[in-house]
Amino acid sequence: MKRFSAFTLTLTLTASIPAAEGQTVSADILQLPTVVVHTAPSGAGGIDIRHWPAAVHTVTTQALTGHGPADFTRALASNVPGLTLAQSQGSGEQPDILYHGFEISPIQGTPAGLSVYVDGERFNAPFGDIAPWQLLPAAAIASVAVQDSNPAFGLNALGGAIDVRMKNGFTDPGGEITLSGGSFGRLEGDAQYGGARGNSSAYVDISGHHETGWRDSQDANIAHFYGDAGWRGAAAELHVSALLAGSTLNTPGTSPEDLLNADRAALYTGPNTLTDRYAKLASRLEVKLSATLSLSVNAYVERLREQLTNGNGANDQPCGAGPDAGYLCRAIGVLATGPGGAPIPAYLGGAALNYGQLIKNSTTTTGFGATAQLTESAPVLGRDSKLSAGVSFDGGFTTYDASAYDGALGLANRIYYSPIGGLGYAVDEPGTVPSGVGVRNAYYGVYLSDTISLTKRLAVTAAGRLNLAQIAMHNDLPPDPNAAPGGLNGSHIYAHANPALGLTYQLAPLLTLYGGWAEENAAPTPSELACASPLDACTLSNSMAGDPALKQIVTRGVQAGLRGGAVLAGGLLSYTVGLYRSEASDAIEYLQAPQDPQAAGYFANIGQVQRQGGEISAKYTGGKWNLDVSYAYTEARYESRFTTSSAYNPAADANGNVTVRRGDALPGIAQHVLQLGVDYEISSRWMVGIDSQAASSQPMAGDPSNRQKPVPGHVVLNATSHYWLTDRVQIFATVENALNQRYETYGTFSPTAGTGGIYVASVPGYSNPRSYSPAAPFGVLLGVRFLLGAGLDGPGRSTF
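Residue 800 is where the sequence shown ends in our numbering, and the numbering goes up by one at each step.
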């Protein structure tokens, strides 16, 4: 079932010399694994992990299929100590990833703390640095490495980088067809084939995913095509790849706790539909210029179109008695208006229970970039040295359009509908909605890394990168004389030099000590800059407003640890121990707007944030057993005092504000995470296993002052098994949440029946402001896998 990293697998190949009972294996025979760490996104010029002064966690293609069909985010959560997932949108296809207190999300609104690369090309979308995981074809991924902070990975690598490597025909010959289905209407299929003939290779993967979901309005449809064509000669290798992906996801988001107590699957408001279409063309060239010098060049162009349809309770409500009676008023107490400034009538009558609003937006981004890197492997003053130097460019053009419509929410299902036909009454609020913005961004980088072996045991790495970010925005709509001054037009430039220094020392043949210091930066994204004023706030789902300048985030961090291995009871034990600490200055957060806390917010610099912690992990492979256990401690705290709006937080003052004090914990981060996996080989054809994750409680989103009860901790257990019917046919089964635990993956606050919340027929007097995204209940998945072509074996090729 589980998940052994390249570190463990390679160590097994080089050190799995059986020891007879009563005998010992000489340390002189055992060698540390030849695990290559990519020191830069291009992938060229990697170095032996023994010489890399930072933590690295690797997930193999076998680990990706550890629960049946390939699953990218779940494999990371199962294999990387301390890495957790949060389903803020209520969709398992679009989780937020949290690692060492930093976060990367597929949804606008979360400042990105991790950079993501796919085969050397930046995957963070240019507009908001989001990472739409559902667009990655998991079955076509060869490996994933999660690295702690490394300046070479450019902007947003504050907490590290996720480095994804795809399959090709040279490295992954043969074919595979996987079909599966199970609970909640889940159906999946994947077909892949790769091979090489002479100097040429080809690889193709086609996959599809459908499910109806266990909650109301939670269906998902995803499709991928990935292809790679390769050529290699005596001194060069070239690959050209193409990725086409599309997804339509209905994401129910959070629901009030009182509603979930009445119906665990209930949707609060809808629809919440996100549609993505993605295309990417990339090329990678590696040339050996001499016996010691090589050149690698990457180039790509991509296009992402994202459309969101979101139904909510309306900001506009009947004005009440007075001169504006019979019309709708905005939350800030002025008439709601449509095109031309015409007031919107109270079309449902003053006593209507559920006015609603439909938000529609579209984001279209064309991204492009290139990287060139030279790598020199030659002694310096008689000492082994690995020098890499490169330049990179990542750019993009984005158009963003948004509109809003007033209508109604069904009293029974709380789904938006228009009482007048069409989409409803068009909303025109000067300076807010409708909105249209054009963005041009360009990110330049120059980086250098050199690892020198000062002795046979001691290696020193010095690295650095200069980042330059240029962001220009312009309002695509005609000037509005009623809008506030300022608007969306603006130009911003950010630059920062990020140095790093580290060392490794080989204490014993299978034990290495490492330590290092690094500095990283993240420039504000266009979406953050376009939504940075508390007086002219926006909802990320429907509008962009003024753009006062934000400061860039800079982190400075240190880390140290041990990684090693040993022969134990005839099997192989590998282990890691790591400690880290980072200080972020001018951290950016998305804060509630005081004038409209339910729907609007803005980005702001909130001062310093400290993240520190440690992790310990061990993996054992011996006989019929595979064991994997890890524990991670993460402490993420504010180091600056600030006041922010959190109107639905019961601890808020009379103005709806909470005060964050130095030492308060960041919301959404569990301090303690324990992971356990056990696999047992009943026979050469049959394996069974379990894996479990336990996480402690975490502060609620919207409670940065930590005054409320946190989201409770949880323990979840999964079980899986596979059996080879023949050398080419495998059947598998997975049980998810085997103990049917009721727990929440994310928590925040929302209005109640008495504080402006919508009418909910099943709990009309709901009064608890806590709102959760609940975890899926007990579920079963069954499937079959067919192996095709040369290079693949049945029982000897365990997918677990």
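Don't be surprised by glycine CBs; every beta carbon is placed ideally from N, CA and C.
Quantities reported herein were computed from a predicted structural model and do not represent experimental measurements.
If we count the other Cβ atoms within 10 Å of its Cβ and call it buried at 16 or more, is G502 buried or exposed? buried
With three or more beta-carbon pairs closer than 8 Å as the criterion, would you say the stretch 452-465 touches the stretch 417-429? no
Helix or strand or just coil, what does DSSP make of T752? coil
Which one of I588, Q671 and P704 has the shortest CA to CA distance from T643? P704
Around the Cβ of F170, are there at least 16 other Cβ atoms within 10 angstroms (buried) or fewer (exposed)? buried
At which residues does the beta strand (DSSP E) containing R165 begin and terminate? A161 to M166
Quick one: residues in its chain with C-beta nearer than 6 Å to the C-beta of G270, no 5 flanking neighbours on either side, listed in chain order? S217, G311 and I415
Is it the case that the Cβ atoms of G246 and T212 are separated by a distance below 9 Å? no
Looking at the structure shown, is G181 part of a helix, part of a strand, or coil, going by DSSP? strand
Hey, quick one: how far does the alpha helix (DSSP H) through P774 stretch, first residue to last? From DSSP, P774 is part of no alpha helix (DSSP H) but of the beta strand (DSSP E) over R770 to P774.
Based on the DSSP output, what are the partners of Q592 in its beta bridges? G601 and S645
Work out the CA separation of Q693 and Q741 for me, nearest whole Å. 12 Å
What is the rounded straight-line gap between the Cα of G22 and the Cα of G571? Residue placement at G22 cannot be trusted, given a pLDDT of 38 that sits under 50; what the coordinates show is reported in the next sentence. Near 14 Å, if we compare the C-alpha coordinates of G571 and G22.
Quick check on the DSSP output: what are the complete beta strand (DSSP E) runs of length 3 or more inside the stretch 112-139, in order along the chain? 115-118
Using only CA atoms, which one of A54, V35, L739 and P252 lies nearest to Q94? P252
Reducing DSSP to helix, strand and coil, say where N310 ends up. strand
Alpha carbon to alpha carbon, what distance is there between A469 and R264? 45 Å
Nearest CA to the CA of S143: which residue from A75, F102, N150 and N124? A75
Please report the distance separating the alpha-carbon of F786 from that of M687. 17 Å
Which residues bound the alpha helix (DSSP H) around G257? A small correction: the amino acid at residue 257 is Glu; Gly does not occupy that position in the sequence shown. Run containing E257: E257 to A262, per the alpha helix (DSSP H) assignment.
Please classify V716 as buried or exposed, where buried requires at least 16 neighbouring CB atoms within 10 angstroms. buried
Return the bridge partner residues of K551 from the DSSP annotation. None; K551 has no bridge partner.
Do you know offhand how far A266's Cα is from T748's? 16 Å
Per DSSP, the bridge partner or partners of L466: V446 and A497
Can you pull the DSSP bridge partners for D228? Y203 and S241
Could you tell me if K167 is buried or exposed, where buried requires 16 or more neighbouring beta carbons within 10 angstroms of its beta carbon? buried
Go to N79, then tell me how far its alpha helix (DSSP H) extends in each direction, as first and last residue. F72 to N79
The stretch 360-368 touching the stretch 389-407, judged by at least three CB pairs closer than 8 Å: yes
Whether E583 touches F603 by CB criterion (9 Å): no
Have a look at I47, Y425, A495 and A459 and flag the residue whose alpha-carbon is nearest the alpha-carbon of Q443. A small fix is needed here, since residue 443 is Tyr in this sequence, not Gln. It is A495.
In three-state terms, what does DSSP make of E639? coil
Which residue's Cα is closest to the Cα of I47: S377, R637 and S585? S377
Assign L781 to one of two classes, buried (16 or more other C-beta atoms within 10 Å of its C-beta) or exposed (fewer than that). buried
DSSP puts F778 in a beta bridge; with which residues? BP columns for F778 are empty, so no partner.
So for I49, helix, strand or coil by DSSP? helix
Rounded to whole angstroms, what is the Cα-Cα separation between L529 and F127? 10 Å
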